[in-house]
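Engineer: Basically my numbering = 1-based index in the sequence shown + 216.
C-beta: ideal position from N, C-alpha, C; glycine also.
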Amino acid sequence: MTATVSTARLCASRLVARAAAALGLAAALIAPAAAAHAHDSLESTNPANGSTVATVPAAVVLTFDHTPIAIGTKITVKDASGTDQSAGDATVVDNQVTQAIKPGAPAGAYTVVWRVVSSDAHPIEGTLVFNAQAPAGSSSRTASTPTTAAGAAPSSSSPAGPTGPAEAVGAGVPPWLIVGGLLVLAIVAALVYFVRRGLTGVDPED
217 MTATVSTARL CASRLVARAA AALGLAAALI APAAAAHAHD SLESTNPANG STVATVPAAV
277 VLTFDHTPIA IGTKITVKDA SGTDQSAGDA TVVDNQVTQA IKPGAPAGAY TVVWRVVSSD
337 AHPIEGTLVF NAQAPAGSSS RTASTPTTAA GAAPSSSSPA GPTGPAEAVG AGVPPWLIVG
397 GLLVLAIVAA LVYFVRRGLT GVDPED
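#1: For a quick check, are the C-beta atoms of L278 and Q312 less than 9 Å apart?
#2: Go ahead and pull the three-state DSSP assignment for V272.
#3: How about N347 and V269: are their beta carbons less than 9 Å apart?
#4: Can the beta-carbon of T261 be found less than 9 Å from the beta-carbon of Q349?
#5: Using a Cβ-Cβ cut-off of 7 Å (strictly less than) and excluding sequence neighbours within five positions of G353, which residues of its own chain qualify?
#6: Leaving out the 5 sequence neighbours to the left and right, which residues in its chain are closer than 7 Å to A405 when beta-carbon positions are compared?
#7: Going straight from the alpha carbon of T255 to that of S335, what length do you get?
#8: Among all the DSSP beta bridges, which residues are the ones paired with V308?
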């Protein structure tokens with residue numbers, strides 16, 4: 217009977233070890249995918265990065281793939297002399313962040329430095345540039361290049377280059393990752409439960 221018990225325990229130990237290995241493998245597969253979906257992604261800007269517009273626009277609009285958090289969001293719009301032409305604080309409506317520009321802002325090159333808090337509470341930031349041929353409020357109609365994919369790649373550490381392509385960094389963890397992780401945990405828990413139950417049913421005198 218002792219040999220039977222030892223064999224049962226050896227099998228149980230092997231099953232638990234295999235279950236732990238399977239759980240570790242699942243975690244290794246899920247973790248990178250979850251990290252890849254950690255932050256929001258800047259989808260487009262208006263004016264577009266590197267574009268030339270007829271007049272200084274009334275506002276700069278950033279569009280993200282998810283709704284950012286308003287707290288901590290900040291955008292500065294500086295003209296060629298380095299003067300901040302931002303008017304008031306940036307506003308967040310749905311997945312768009314808008315920064316108004318002061319009336320009468322001069323023509324010339326502009327640099328927009330933005331920093332927002334993505335929906336997963338991590339800050340992301342970037343930079344874009346555009347050129348205005350006439351000051352704000354002039355009679356000429358704004359003829360900005362149609363909004364295109366964002367010219368500045370958001371990052372969680374440093375501003376992106378003004379001419380780099382948009383970098384997709386998703387936000388939040390996809391439901392299938394959560395479901396998969398819970399399923400693996402449920403399988404391992406059930407396996408451990410039945411192994412322990414089998415052990416307690418073998419010769420209680422041992």
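Structural biologist: According to the structure data:
#1: Using a Cβ distance threshold of 9 Å, L278 and Q312 count as a contacting pair.
#2: The three-state reading of DSSP puts V272 in coil, since its state is none of H, G, I, E or B.
#3: Going by C-beta atoms, N347 is nearer than 9 Å to V269.
#4: No, the pair does not count as a contact, with Cβ atoms beyond the cut-off.
#5: Closer than 7 Å at Cβ, skipping near neighbours: P319, G320.
#6: Nothing listed; no residue qualifies.
#7: The question names Thr, yet the displayed sequence has His at residue 255. Distance from the CA atom of H255 to the CA atom of S335, rounded to whole angstroms, is 7 Å.
#8: Within the DSSP secondary-structure output, V308 pairs in a beta bridge with V313.
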